[in-house]
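There are 2 protein chains.
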Amino acid sequence: MLSAQMTEPKQTKDMLGRSGLIPVNEALHILLSHLEGIRTATESIPLTEAFDRVLAEPVISPEDLPAQARSTMDGYAVRAADTFGASESMPCYLNITGEVQMGTAPIGEVKKGCCYKIPTGGLLPMGADGVVMLEHSVPVDETMIEIIKGVGSGTNLIQKGEDIAQGKRALPAGHLLRPQDIGLLAGLGIAEVMVTRKVRVGILSTGDEIIAHTEVPNPGQIRNINGIALAGFIQRAGGIYCDYGIVSDQEEIFLPAIRKAVKENDIVLFSGGSSVGVRDLGEQVVEALGPPGILVHGVTLKPGKPVLIGLSGTTPIFGLPGHPVSALVCFDFFVKPAIRQLSGQINEPKLPAPYVMANLARNINSAPGRRDVVRVKIIKEDKIWIAVPVLGKSGSISTLSRSDGYFLIDEDSQGITENSVIKVYLFQ
Amino acid sequence: MLSAQMTEPKQTKDMLGRSGLIPVNEALHILLSHLEGIRTATESIPLTEAFDRVLAEPVISPEDLPAQARSTMDGYAVRAADTFGASESMPCYLNITGEVQMGTAPIGEVKKGCCYKIPTGGLLPMGADGVVMLEHSVPVDETMIEIIKGVGSGTNLIQKGEDIAQGKRALPAGHLLRPQDIGLLAGLGIAEVMVTRKVRVGILSTGDEIIAHTEVPNPGQIRNINGIALAGFIQRAGGIYCDYGIVSDQEEIFLPAIRKAVKENDIVLFSGGSSVGVRDLGEQVVEALGPPGILVHGVTLKPGKPVLIGLSGTTPIFGLPGHPVSALVCFDFFVKPAIRQLSGQINEPKLPAPYVMANLARNINSAPGRRDVVRVKIIKEDKIWIAVPVLGKSGSISTLSRSDGYFLIDEDSQGITENSVIKVYLFQ
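Going down the list, the protein sequences come from chains A and B. Letter by letter, the first sequence follows residues 1 to 428 in our numbering. Letter by letter, the second sequence follows residues 429 to 856 in our numbering.
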């Protein structure tokens, strides 16, 4: 099935001899299907460095958390049965026979008719099975307390193993470690975790007209925008980048350079193929690096149509359009999911991408059969969020910089009318 | 006005002698008002390291981008007037008298009745003022082309300075540099940017019962969860952290330690004050470090009520609740905005926080006058997103780890009923 999907786009050519365009979701499916079961190597790292890394194996709790029942309130540890029915009009009286200190095991036992003073987090002393909140007690003297609200067994306690029980799975394999997950593992005394190695992404920029951003262009030359912007997107997606700089688009120079990058990285991006010549070169090079070679050449996406997706062994190769906006849209739609997949991050159940709802400021037309990515600026007017389309040519990097996010016009739509409520995906 | 707001919470005491609770928005306003105009020092760094940093000053474009008009299509550079009215039934014919090469200035001039072949991104040659797409041309022979769709002046071009004009503000001061912004600056040839120094946040963990996560607890001891989790949240918020480890809650040890941290950081957090004793210590210490001292003690937030917010000179000090969930909620609501403000990040116009809409799986009650932060897991059922509340005590770190995000029940609500559509803010 996969190889049928793989070869299909090659069979369809448009009138210029280019491969047929396929829908974004289908292209993504083809790509990810080929990456199933492929994952970077694993490594053991200290928990203190594990933030934003992906677990390579499940973490099974080595102990109960908490190790013993603790109070969740400041108050008095009691035998709950002693307090049943206590109320403001009918209080009960308990002798204070001890006090729980933080950080040490309580001494002795709470006997019938007695209680221990206990702080939040204090270990429940023997004999007690509930805690009366400070607010529901009135001191009589230093040795006696009046209880004005009774408690049941277990009230105001966190039980042994209630947070997480010994032997239970604390976190599944493939889990991206957020700060709170690191906190949970710290609570379980886990000092090292087995994670997947960060996904390495190589970047090559090509095109005769491209120069480094630190150089002064001659007429016709332009500075390299994509290389540096892609480096930022790679880091944001959890990967690390290796920038191979600007490489000539002559095949005898470009092919060895990209071959080296494929050897040294988990994913390789090249960008700059805006002219027909470079597009053709990209196609030849990806085929030369195969099998399997080209998976997708061109998608029904605007901007981003001419994206080239291939595979050299298990290494995805992306030929991104030369126009910065197109390149960055393709990164978001195709490269980011590939980075996640190779890092072993589980997507089941997938979480939806967060958005904000806003009113569209003007009509936007779209060709049916194409997914449009429309950049917008978000402004607030009369307490309502308005999405103002930032129009400009796809060669214009400033449109992306002036935008707060984008919305999508899907393949089956011919456009969206002014004042429609749309979902805007923020760039951050 | 500010000092009235500042002292007000101190005047109101509850029945236990604690300061009165104030609403979350008011507490945030008090905090941020005191930080107005305060910002970390500036530094000049290479553009390649500027991702996710905040601009200290506006960037004015030193040149036009693009420097000259360029084609946005593969096709033919023409005098538009030559093609007026051209159609499939009534084509016009032009002589191909040149070709634009990428990376070099075009030679000669496009004369009347003539055209140059031009690639996407190629410089517009003299004489030409529009580009006919390849798709709207039919080759006659090597020297002549048939135009089947005329163009106007400026069609399929990006004009000189159209992306950004020389002398215009490319980015404002306070702008957080996203990958696309770095790309824009690279395009303008900017190699160094002036940014604010990263906000340094010191973390102290206190409480007699707290031990390092690498140690084995005796009865009554618990491992330090907050320190390591807060370090992750600080990094995510764009700050850098300095962990002072576990500090005894005896005032003669704690006060010098926090004084040192205040000296060495832009913000100081201490956490662990879940018992009354530590809460009192926190209050004393923050007053001792003043003026101005305590700004807020306790907010109408659950979890997170006992948060302590103070200021020592211009350094915000946060006493976070000892319970991990409460501590992390307080971080999100108060510490993160402070980090952003001190980094100089502009919040005008503020962007809304992105969310996903989901159906609430069960009724959730709330006390009026309090903002509840309810953790949820997001699942998909029959193509509908369902938010399932993850219930558990605020001492339970696993509730936060099992959650995908949270929703808010505001002060004026008594709860939300099952199947209501709610906004869920994802943890990432």
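A virtual CB, placed ideally from N, CA and C, is assigned to each residue, including glycine.
Nonlocal neighbours in the same chain, by C-beta distance under 6 Å from residue i, ignoring five residues either side
i         : result
B/Glu-772 : Looking at the sequence provided, one finds Gly at residue 772 of chain B rather than Glu. Around B/Gly-772: Arg-467, Val-482, Gly-602 and Thr-624.
A/Val-247 : Leu-204, Thr-206, Phe-254 and Ala-257
B/Leu-819 : none
B/Glu-471 : Arg-625
A/Pro-58  : Arg-169, Pro-172 and Ala-173
B/Ile-650 : Glu-637
B/Ala-455 : Val-724 and Val-727
B/Val-910 : Since the first and last residues shown for chain B are 429 and 856, residue 910 of chain B lies out of range.
Whether residue i touches residue j by CB criterion (8 Å)
i         : j         : result
B/Met-518 : B/Met-561 : no
A/Arg-70  : A/Gly-121 : yes
B/Leu-756 : B/Ser-848 : no
A/Ser-61  : A/Leu-157 : no
A/Val-434 : A/Phe-334 : Chain A is shown only over 1 to 428; residue 434 of chain A falls outside these bounds and no answer can be derived.
A/Phe-318 : B/Pro-607 : no
A/Ile-148 : A/Ala-50  : no
A/Cys-330 : A/Leu-342 : no
B/Ile-638 : B/Gly-726 : no
A/Asp-181 : B/Ser-829 : yes
B/Ala-508 : B/Gly-465 : no
A/Ile-164 : A/Leu-47  : no
B/Val-452 : B/Leu-729 : yes
B/Gly-611 : A/Pro-292 : no
B/Ala-766 : B/Leu-463 : yes
A/Pro-219 : B/Leu-551 : yes
Classification of residue i by the beta-carbon crowding that lies within 10 angstroms, buried from 16 upward
i         : result
A/Tyr-93  : exposed
A/Asp-412 : exposed
A/Met-144 : exposed
B/Lys-851 : buried
B/Gly-741 : exposed
A/Gly-369 : exposed
B/Ala-716 : exposed
B/Val-644 : exposed
B/Gln-678 : exposed
B/Gly-893 : No answer is possible for residue 893 of chain B: it lies beyond the span of chain B, which begins at 429 and ends at 856.
B/Asp-694 : buried
B/Gly-857 : As displayed, chain B neither begins before 429 nor continues past 856, which places residue 857 of chain B out of reach and without an answer.
B/Val-566 : exposed
A/Ile-22  : buried
B/Thr-461 : Checking the sequence shown, residue 461 of chain B turns out to be Ser, not Thr. So B/Ser-461 ends up on the exposed side.
A/Gly-227 : buried
Range covered by the beta strand (DSSP E) that runs through residue i
i         : result
B/Val-696 : 695 to 699
A/Lys-380 : 371 to 381
B/Arg-597 : 597 to 599
B/Arg-628 : 628 to 634
B/Leu-723 : 720 to 725
B/Val-849 : 849 to 854
B/Pro-553 : Counting along the chain, B/Pro-553 falls outside any beta strand (DSSP E), and DSSP gives it neither H nor E.
Cβ-based neighbour list, residue i, same chain, cut-off 8 Å, excluding 5 preceding and 5 following
i         : result
B/Glu-846 : Leu-788, Ala-789, Arg-790 and Asn-791
A/Gly-415 : Asn-363, Ile-364, Asn-365, Ser-366 and Ile-409
B/Lys-540 : Arg-507 and Asp-510
B/Cys-670 : Arg-628, Val-629, Gly-630, Ile-631, Ala-689, Glu-692 and Asn-693
Close Cβ partners of residue i (< 7 Å) along its chain, the five nearest in sequence each way excluded
i         : result
B/Leu-854 : Val-784, Asp-832 and Gly-833
B/Pro-777 : Below a pLDDT of 50, predicted positions are generally treated as unreliable, and B/Pro-777, at 49, falls in that range; the measurement from the model is reported next regardless. Cβ neighbours of B/Pro-777 beyond the five flanking positions: none.
A/Ala-353 : Tyr-425
A/Ala-56  : Thr-42, Ala-173, Met-194, Val-195, Thr-196 and Gly-344
B/Ala-556 : Ala-505, Val-506, Arg-507, Val-538 and Tyr-544
Continuous alpha helix (DSSP H) stretch holding residue i: start and end
i         : result
B/Gly-833 : Note, B/Gly-833: premise wrong, no alpha helix (DSSP H); beta strand (DSSP E) at 833 to 837.
A/Pro-179 : 179 to 187
A/Met-137 : Note on residue identity: the sequence assigns Ser, not Met, to residue 137 of chain A. Counting along the chain, A/Ser-137 falls outside any alpha helix (DSSP H), though it belongs to the beta strand (DSSP E) covering 137 to 141.
B/Asn-410 : Nothing can be reported for residue 410 of chain B, as the shown portion of chain B is limited to 429 through 856.
B/Val-482 : Taken as a continuous stretch (DSSP letters only), B/Val-482 belongs to no alpha helix (DSSP H), as it is neither H nor E.
Between the stretch 819 to 834 of chain B and chain A, which residues of the former have a C-beta closer than 7 Å to a C-beta of the latter?
Lys-821, Gly-823, Ser-824, Ile-825, Ser-826, Leu-828, Ser-829 and Asp-832
Return the residues of the stretch 605 to 629 of chain B that lie within a Cβ-Cβ distance of less than 7 Å from chain A, sorted by chain order.
Arg-606, Pro-607, Gln-608, Asp-609, Ile-610, Gly-611, Leu-612, Ala-614, Gly-615, Gly-617 and Ala-619
Could you please tell me which residues of the stretch 498 to 526 of chain B, in chain order, have their CB closer than 8 Å to any CB of chain A?
Those residues of the stretch 498 to 526 of chain B that come within reach of chain A (Cβ to Cβ, closer than 8 Å) are Arg-498, Thr-500 and Asp-502.
When Cβ atoms are compared, which residues of the stretch 343 to 361 of chain A fall closer than 9 Å to chain B?
Taking 9 Å as the upper bound on Cβ-Cβ separation, chain B lies near residues Pro-349, Lys-350, Leu-351, Pro-352, Ala-353, Pro-354, Tyr-355, Val-356, Met-357 and Ala-358 of the stretch 343 to 361 of chain A.
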